[in-house]
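Enquirer:
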Amino acid sequence: MNNELGEPAHPAADSELGIRLRYLRLARGLRMREVARRAGCSESMISKIETGHAAPSLRVLHKIAAVLETSIAALFEAGRTNTIVQRAGARELMTLRKGGDGGRIILERVAPTSPDSRLEGNIHIVEPGAESDGAISHEGEELGYVLEGSIELTVDGERYYVQAGDSFVFASTQQHRYYNPGHVVARVLWINTPVTF
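According to UniProt numbering, the residues represented by the sequence shown are 1 to 197, in order.
1. According to the neighbour-count rule (16 or more other Cβ atoms, all chains shown, within 10 Å of its Cβ), is Glu-69 buried or exposed?
2. First and last residue of the beta strand (DSSP E) that includes Ala-171?
3. Could you spell out where the alpha helix (DSSP H) holding Ala-66 opens and where it closes?
4. Could you tell me whether the stretch 121–132 touches the stretch 180–193, using the rule of 3 or more Cβ pairs below 8 Å?
5. What does DSSP give as the partner residues of Val-146 in its beta bridges?
6. List the endpoints of the continuous beta strand (DSSP E) containing Glu-34.
7. Spatial neighbours of Val-169 within its chain, please: C-beta separation below 6 Å, excluding the five flanking residues on both sides.
8. Kindly indicate which three-state DSSP category Arg-177 falls into: helix, strand or coil?
9. Is the separation between the beta-carbon of Thr-95 and that of Gly-140 shorter than 8 Å?
10. Do the CB positions of Val-146 and Ala-171 come within less than 8 Å of each other?
11. Jot down the residue ranges of each uninterrupted beta strand (DSSP E) in the stretch 92–139, minimum 3 residues, whole runs only, in chain order.
12. Cutting at 7 Å between CB atoms, please list the residues of its own chain near Gly-103, excluding the five before and the five after it.
13. Hey, Val-35 and Arg-25 are a contact pair by Cβ (cut 8 Å); roughly how many whole angstroms apart?
14. Helix, strand or coil: which one does DSSP assign to Ile-72?
15. Among the candidates Arg-118, Leu-107, Ala-111, whose CA atom is the shortest distance from the CA of Ser-132?
16. At a cut of 8 Å, does the stretch 39–50 reach the stretch 150–162 through at least three beta carbon pairs?
17. Output the distance between the C-alpha atoms of Arg-47 and Gly-29, rounded to the nearest integer angstrom.
18. Mapping DSSP to helix, strand and coil, what is Ile-151?
19. Throw me the rounded Cβ distance for the Ile-136 and Asn-180 pair, which I believe falls under 8 Å.
20. How long is the line joining the alpha carbons of Gly-18 and Ala-27, rounded to whole angstroms?
21. Nearest to Ser-167 by CA position, among Arg-109, Val-184, His-183, Gly-149, is which residue?
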């Protein structure tokens, strides 16, 4: 079944995300119009995300989380408990909408976070042609290690081509974005502090 954008309907996780976003928005006494204005997107987009009819880009989800005074991690892990070991194949996946001319970006949670967490880890699975949909900046630091494939990382306007085996680190306050210009899926272990996603 396709949604009104002509894309396949999104999995139940997107409905859960929408429910959590709506709950937080209402708990903070905000109207969709206000969240949309402050996040820099349309009211229609907020409505579609809340009803599970659209998945936001990483940039939009980051901005919505900031407006709602939460992290992306908290939006996806409501009610979950911390565990010491995350088994391969059992980790939570967060699928974000297509960015750029290519595929999707999927975040694989390396470890759950809690309100007391100081860092988080994800494996960014970046399909060919996918991008992070615009530069963002926020408090903290970021460290990454390219497991497979390659990405073009832009930090404060400077482009870096990083491939399997390369690593990077930068202050999150610098404008940053990434893009997979290749023909194979890139997998990047990405660590943030404090919890951002």
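Glycine is no exception: its CB is placed at the ideal position from the N, C-alpha and C atoms.
Expert: According to the structure shown:
1. Translated into positions along the sequence shown, residue 69 becomes position 69. Taking all protein chains in view, the Cβ of Glu-69 is surrounded by fewer than 16 other Cβ atoms within 10 Å, so the residue is classified as exposed.
2. Taking the sequence shown and counting its residues from 1, one reaches residue 171 at position 171. That run of the beta strand (DSSP E) goes 167–171.
3. Start at 1 with the first residue of the sequence shown, and residue 66 comes out as number 66. Looking at the DSSP string, the run of the alpha helix (DSSP H) that includes Ala-66 is 58–67.
4. Taking 8 Å as the limit for Cβ pairs, the verdict is that the stretch 180–193 does touch the stretch 121–132.
5. Here residue 146 refers to the residue found at position 146 when the sequence shown is read from its first residue. Answer by DSSP bridge pairing, in chain order: Val-188.
6. Numbered from its first residue, the sequence shown carries residue 34 at position 34. Unbroken run through Glu-34 is the alpha helix (DSSP H), 32–39; no beta strand (DSSP E).
7. Position 169 of the sequence shown, counted from the first residue, corresponds to residue 169. Once the five neighbours on either side are set aside, the close Cβ partners of Val-169 are Leu-143.
8. One-based indexing of the sequence shown puts residue 177 at position 177. DSSP places Arg-177 in the strand class (E or B) of the three-state scheme.
9. Stepping through the sequence shown from its first residue, residue 95 is reached at position 95. Stepping through the sequence shown from its first residue, residue 140 is reached at position 140. It is not a contact, given that the beta carbons lie outside the stated cut-off.
10. Taking the first residue of the sequence shown as 1, we reach residue 146 at position 146. Taking the first residue of the sequence shown as 1, we reach residue 171 at position 171. No, the pair does not count as a contact, with Cβ atoms beyond the cut-off.
11. Runs of the beta strand (DSSP E) inside the stretch 92–139: 93–96, 105–109, 120–126.
12. The residue given as residue 103 occupies position 103 in the sequence shown. Excluding five sequence positions before and after Gly-103, the CB atoms of its chain that fall closer than 7 Å to its own CB belong to Glu-127, Pro-128, Gly-129, Ala-130, given in chain order.
13. Sequence index remark: in the sequence shown, residue 35 carries index 35 (1-based). Sequence index remark: in the sequence shown, residue 25 carries index 25 (1-based). Distance from Val-35 to Arg-25 at the Cβ level is roughly 6 Å; contact confirmed, criterion being Cβ atoms closer than 8 Å.
14. Working through the sequence shown from its first residue, we reach residue 72 at position 72. In the structure shown, Ile-72 sits in a helix (DSSP, three-state: H, G or I).
15. Counting from 1 along the sequence shown, the entry for residue 132 is found at position 132. Ranked by Cα distance from Ser-132, the options Arg-118, Leu-107, Ala-111 are led by Leu-107.
16. Touching, no.
17. Mapped onto the sequence shown, residue 47 falls at position 47. Mapped onto the sequence shown, residue 29 falls at position 29. The displayed chain sequence assigns Ser, not Arg, to residue 47. Straight-line Cα distance between these residues: approximately 16 Å.
18. Numbered from its first residue, the sequence shown carries residue 151 at position 151. Strand, per DSSP.
19. Counting from 1 along the sequence shown, the entry for residue 136 is found at position 136. Counting from 1 along the sequence shown, the entry for residue 180 is found at position 180. Not really, about 17 Å apart at Cβ, beyond 8 Å.
20. The count along the sequence shown starts at 1 and reaches residue 18 at position 18. The count along the sequence shown starts at 1 and reaches residue 27 at position 27. When rounded, the separation of the alpha-carbon atoms in Gly-18 and Ala-27 is 14 Å.
21. Residue 167 sits at position 167 when you count from the first residue of the sequence shown. It is Gly-149 whose Cα lies nearest to the Cα of Ser-167.
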